[in-house]
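Below is one structure, written out as structure tokens; the observations come after it.
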Amino acid sequence: MLEMKPAANQSVSYFQYFLVKGKGTVLTLYMKSYCDTNWYGKDCNTYCVARNDKEGHYKCDQNTGDMLCLNGWAGRQCKEAICSPECDLQHANCTKPRDCDCHPGWQDNPNKPNTCNTCISKHGCLNGYCVYGNDCQCRKDWVGEQCDKDNNTCRTSPCQNGATCVNNGPDSYYCVCQAGYTGYNCSLEIDLCGSSPCENGAECINKRTDYLCPCPAGYTDKNCVTNIDDCTPNLCLNGATCKDGIDSFNCTCAKGFTGATCNINIDDCKTNQCKNGGVCFDLVANFSCQCKQGFTGRFCEVDIDECTSSPCLNGGKCTNLINNYDCQCVPGFNGRRCGNNRDDCPSETCGLGNCTDLVNDYKCSCPIGYTGRNCELNINDCLPNICHNGTCQDGVNSYNCSCKAGFTGRNCQIDIDDCYNRPCQNDATCVDAVNDYSCSCKRGWTRKNCDFNIDDCIIPCAKGSTGFCTTSPCLNGASCVDGVANFTCNCSQGYKGKFCEQRIDYCAQNDCQNSAICDNGLDGFICICAKGYTGRNCSTDIDDCAASKCNLTGTSLCVDKVANFECRCKTGFQGVLCEIDIDDCDPRLVGNIPEGHQITSFGICGKNGRCIDGVASRSCECNEGFSGSYCLTDIDECETKPCVNGKCYENLDSPGYHCVCDEGFNGTNCGNNIDECALYNDCCNNSKCIDGVNSYTCQCTAGMKGIDCCSSTSWCANNNTCNKNGDCKDVTNGFKCNCLPGFTGTRCETDINECLSNPCTGGSTCLNAPGNFTCLCPLGKTGSNCEQEIDDCVNVTCLNNFTCVDDTNHFHCNCPSKRYTQPYCEDVNECLQPNMCPSNRKCNNKVGGFLCGCLDGWMGEDCTESVDDCKQNECIKAHTSACLDAHQRYICKCFGQWEGPCCERRNMSLTDPCGCEYGICIYSTDRLQICECDADYTGDKCKLKKAEAAVKNDDAKGPNKSVVIGGAMGAVLFVAAIVVFVVIMKRKNVTLNSYKEEIGKVSYNGQTDDVDFNNGDLMFKNPTFSLTRNNPGLITDL
């Protein structure tokens, strides 16, 4: 076996000399071995391609093939740029070597480029400075994201009307108002009516600590919101539904009732819907019709159908009549109910036959040979076509047939057999026809008598063809031999079948293997092998591993398969050819997830590290501030106390720490003392500013004084010497501040907390304020120290003459609790409560109680007497016969031609009871019916024109004998009439009195009234009046 060590490449390779000795032979070999392009290592099994792009910046080691990062790059794939040496990586990063890209909020020091160690204040920062970059750290008394909010807003005293101002946040304050004031700045006087609490038109009366709503009619409660339920008690009768309104109610009557309280039963017979003379009887919300004989139905609208019982017989048609019926008989029947059958067989109707009577018909029984309704027709015995193949001659009950050629028999029904002499040959079948025959030949024979053999090797020409067209039935070059009704084909090689139409299938029995395809030929078969096999029968499997492309570095074994191969990979490789180095950092691969380790979207090493892939291995390169196998351990950077002048805090959402500096310091580790002289100073007159910690001092030039060296005469020239919280006085070589109450310190810079001495009383809360304090008083207390009790009775007026009593934080009026309401002793409306009065009484409220009065339309001690509505009526007396009391209303009963609610209209279509010719009947003042004549007429019946009446009166002025005689006779008759009248009245006295007792009580609309005969309830002086049992004559005198 020859062993050669490959060189790194062709340029450094050299030939080696080998001798191979055999039996009688010597082979001399000159060979050199070197790695192919991009392959390295002692076995040429390391692949490396140098690159300088976004995928990496490296070259390849010529011996080992390892990646060597180009200058300025680092990392596993040499993708990480090495930043400038002075770049502050806490506040910067880089994408190019020796570069420094600042994070937002940081910039280079003007004197040191590529450092990113100087912070930038947040945009819009007004009264502050930066520490962490893009931030705003506020100076004293200023807060907010932009340090634009004043933390001491009360210095301008925005509160009004003696209110106390209290700071409670940036640019925020609140005012503690004096009693009686409100609003953000206590500028508004309290108006409890301002929100318009009173509703439904009530006018609000302000009481400072309360308000009063005098409610309009129909409403109650404090704000006049509640509508008084006028349906309690329920005044609606007869099952009606009461609907409450505003100071009113409405009754929705049950069916059949009407009126304001549904007390009137509607007369359902007014429209008299009963038809055909039916009599109507009124019911409640209904009526009943009593029908005349012959009618039925709710309205007597249905005529009873007497035809329902089918009285008409034998198919007679019934016609309904009123309480009767009529039968219209079908032909052949008569009688009231069509029960009689008429004889329809008159003499000699059927000729020679016999007649049988039917219903409105007859039937004839005819002798043999005749037919017809009356047996008048000779039957045609030739019908229907009795002579099948001949001509028929009819007789009486007989016929005769003359047959056509080829037929015989009585009815010419027999066909003469023309096959009798057997004319067909060669076993042909003879078929008889009319006066003829035909032969059905056996196969192979033809012509009339089947005596000619057919040549089966000849196929006849198609119709319409010309020339020689005869062909053989044998196919594929075979020769034809004719027989009787048959032929024989001698087939060519490779064919078989009657017509030599089938190819011989040599593949039906073959030994082709492994799914090979058999190709059939004329003299044999060929095997077409499937992919992966070879040989005559395709039985040999081709070795696909001989020319496989398995990656040598990643493959451990090549396994041959049918028309394929399988590369079995080494640990850490995958792919069809084992060409893929498995990314052991890919969390999607189940085998890469350590047991018990939770994988996030940041990968196996989490958000605090970067995974480095190896061959079947990996490692985590942790970010700054983290450590551990999976970079899960957060390094406590504050453990070394890096913040010099401040407190250290670990970052919550990023590695590292940050320092919260004490006032006067900044920088990453709070190591820089802020130079207040550089940021701001008020030193005047070229005085020197000396920086301190969170302060500065002005060193004055000769002759200048003051904290800012702005005066040549006084330390107090600067208004801020005592911070505006005291009076400044010059003393020897300095100043002295006399502080205002509530402040202390050399420059009155310290606010005294007055709340430490507990100045507020009565359970109030003390709030310290600059130079002062405020007491938040509980309800009912007032005063600077909440020491005063508020008099809640101020501006309070108790109703109904009661007195106000002051309580703690409220008041009450000293009235009884059952009849009045607090706080103002408003009268309790007892009538709003249900069932205060009986159902037939109405509740009337009064101050301190209530009364039960009668319902509308009723009176009396027990409220059982109906008010007589006719006592005040608008009926026209001259047109009205009576006024009828209908409970809470009245009805004017018009007479004669008068109509309308007050009998005010004349209807000429009505009958005039007085018979006035040119006038109208009215009542006189003494209740007599008289004629009121038209303008040009006069007389008792208004028949005379006034001009004619004047002439007659002139003629009557002289003596008239007939008049005298008539007058005497009239006097005699008058005396006689009086005597007769007296006698009759004495006889009827008992009867009349009994009538009076019988009609002593009369009912109307459900109300029963007594009849007062002594006060004129019966009007005997009316000439049209009569007293009978059916006419009690109850009226009221108008």
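Take the sequence shown: its position 879, counted from the start at 1, is 879 in full-length UniProt numbering, and no numbers get skipped.
The beta carbon of each residue, even a glycine, is placed where N, CA and C say it ideally should be.
Exercise. Name, in chain order, the residues that DSSP records as bridge partners for Arg-841.
Key: Note: Arg-841 sits in a beta bridge opposite Cys-854.
Check: Rounded to a whole number of angstroms, what is the C-alpha to C-alpha distance between Pro-913 and Ala-254?
Finding: Taking the straight line joining both Cα atoms gives about 40 Å.
Less than 6 Å between C-beta atoms, sequence neighbours within five positions excluded: which residues of the same chain meet that for residue 1039?
No statement about residue 1039 is possible, as the shown extent of the chain runs from 1 to 1038 and does not include it.
- request: At 4 residues or longer, and completely inside the segment 132-190: list those alpha helix (DSSP H) runs for me, N to C.
  value: DSSP runs (the alpha helix (DSSP H)) wholly in the segment 132-190: none.
Inset, instruction - Mark Ala-92 as exposed unless 16 or more other C-beta atoms lie within 10 angstroms of its C-beta, in which case mark it buried. - result: Buried, since its Cβ has 16 or more Cβ neighbours within 10 Å.
_To the nearest angstrom, how far is the alpha carbon of Asn-719 from that of Leu-740?_
Rounded to whole angstroms, the gap between the alpha carbons of Asn-719 and Leu-740 is 14 Å.
Check your understanding: If we ignore side chains and look at the alpha-carbon of each, how far apart do Lys-650 and Asn-38 end up?
Key -> The displayed chain sequence assigns Glu, not Lys, to residue 650. In a straight line, the C-alpha of Glu-650 is about 48 Å away from that of Asn-38.
ask   = According to the Cβ coordinates, are Cys-300 and Cys-289 closer than 7 Å?
value = Judged by beta-carbon spacing, Cys-289 lies within the 7 Å limit of Cys-300, meaning their Cβ atoms are closer than that value.
Report task. Less than 8 Å between the CB atoms is what I'm expecting for Asp-622 and Asn-608, so what's the real figure, rounded? Result -> Per the sequence shown, the amino acid found at residue 622 is Cys instead of Asp. Between Asn-608 and Cys-622 the Cβ distance is about 6 Å, and since that is below 8 Å, they are a contact.
With C-beta atoms as the reference, is Arg-819 less than 7 Å away from Val-828? A contact, by the Cβ cut-off of 7 Å.
Classification of Ile-322 by the beta-carbon crowding that lies within 10 angstroms, buried from 16 upward
Ile-322 is classed as exposed because its beta carbon has fewer than 16 other beta carbons within 10 Å across all chains shown.
query: What's the C-alpha gap between Phe-15 and Lys-96?
result: Each residue's alpha carbon lies about 46 Å from the other.
With Glu-676 as the anchor, note down where its beta strand (DSSP E) starts and where it stops.
-> Here Glu-676 belongs to no beta strand (DSSP E); instead the alpha helix (DSSP H) covers 676-679.
Proximal residues to Lys-59 (C-beta, below 6 Å), its chain only, five neighbours per side dropped | Correct list, in chain order: Ala-50 and Leu-68.
Which of helix, strand or coil does DSSP assign to Leu-212? Three-state DSSP puts Leu-212 in a strand.
*Closest Cα partner of Lys-122 within the set Asn-114, Pro-104 and Cys-224*: Pro-104 is the residue among Asn-114, Pro-104 and Cys-224 whose C-alpha sits nearest the C-alpha of Lys-122.
Spatial neighbours of Leu-475 in its chain, beta-carbon cut-off 6 Å, leaving aside the 5 residues before and after
When the five nearest sequence neighbours on each side are left out, the beta carbons in the same chain lying within less than 6 Å of the beta carbon of Leu-475 are those of Phe-499, Cys-500 and Glu-501, in order along the chain.
Using the Cα positions of Gln-788 and Asp-806, report the straight-line distance between them to the nearest angstrom.
-> One C-alpha to the other measures close to 14 Å.
Checklist entry - Are there 16 or more other CB atoms within 10 angstroms of the CB of Lys-5, so buried, or fewer, so exposed? => result Around the beta carbon of Lys-5, fewer than 16 other beta carbons lie within 10 angstroms, which makes this residue exposed.
Original post:
Hey, quick one: how far does the beta strand (DSSP E) through Tyr-58 stretch, first residue to last?
Top reply: Segment 56-60, the beta strand (DSSP E) holding Tyr-58.
Item checked: Three-state class that DSSP yields for Glu-948 in the structure shown -> If DSSP states are grouped into helix, strand and coil, Glu-948 belongs with the helices.
Could you tell me which residues DSSP puts in a beta bridge with Tyr-14?
For Tyr-14, which the question treats as bridged, DSSP gives no partner whatsoever.
| field | Three-state secondary structure (DSSP) of Cys-804 | value | Taken through DSSP and simplified to helix, strand or coil, Cys-804 comes out as strand.
> Under a three-way DSSP split, which group does Lys-363 fall into?
Replying inline: In the structure shown, Lys-363 sits in a strand (DSSP, three-state: E or B).
### Task
Identify whether Asn-9 lies in helix, strand or coil by the three-state DSSP scheme.
In the three-state scheme derived from DSSP, where H, G and I count as helix and E and B as strand, Asn-9 is classed as coil.
Suppose the cutoff is 6 Å on Cβ atoms and the five residues either side in sequence are ignored; what does the same chain contact list for Ala-563 look like?
The beta carbon of Ala-563 is closer than 6 Å to those of Lys-531 and Gly-532 in its chain, skipping five residues each way along the sequence.
| request: Rounded to whole angstroms, what's the CA-CA distance from Thr-803 to Val-796? Just pull it up for me. | output: Distance from the CA of Thr-803 to the CA of Val-796, rounded to the nearest whole angstrom, comes to 10 Å.
With DSSP as the reference, please indicate the residues paired to Arg-373 in a beta bridge.
Arg-373 is not bridged to any residue.
Bridge-paired residues (DSSP) for Arg-905: Glu-899.
Handout entry: Those runs of the alpha helix (DSSP H) which lie wholly inside the segment 491-549 and span at least 4 residues
Key = With a minimum length of 4 residues, there is no unbroken run of alpha helix (DSSP H) contained wholly in the segment 491-549.
**Asked** What's the call for Arg-373, buried or exposed, on a 16-neighbour Cβ count within 10 Å?
**Response** Exposed, by the Cβ-count rule.
* Assuming Leu-192 and Tyr-824 form a contact by the criterion Cβ under 8 Å, report the distance between their Cβ atoms to the nearest whole angstrom. => Actually they are not in contact, since the Cβ atoms of Leu-192 and Tyr-824 sit about 13 Å apart, beyond 8 Å.
Given that a residue counts as buried once 16 or more other Cβ atoms are within 10 Å of its Cβ, and exposed if not, what is Val-982? Confidence is the limiting factor: at Val-982 the pLDDT is only 45, short of 50, which leaves the residue's position unreliable and the question unanswerable from this model.
Practice prompt. Spatial neighbours of Asn-71 within its chain, please: CB distance less than 6 Å, with the 5 preceding and 5 following residues excluded, ordered by chain position.
Written response: Take Asn-71, set aside five residues on each side of it, and no residue of its chain has a beta-carbon closer than 6 Å to its own.
What three-state label does DSSP hand Met-4 in the structure shown?
-> Secondary structure at Met-4: coil, using DSSP grouped into helix, strand and coil.
Item to check | Sheet register partners of Met-859 (DSSP bridge) | outcome: Under the DSSP definition of a beta bridge, Met-859 partners with Glu-865.
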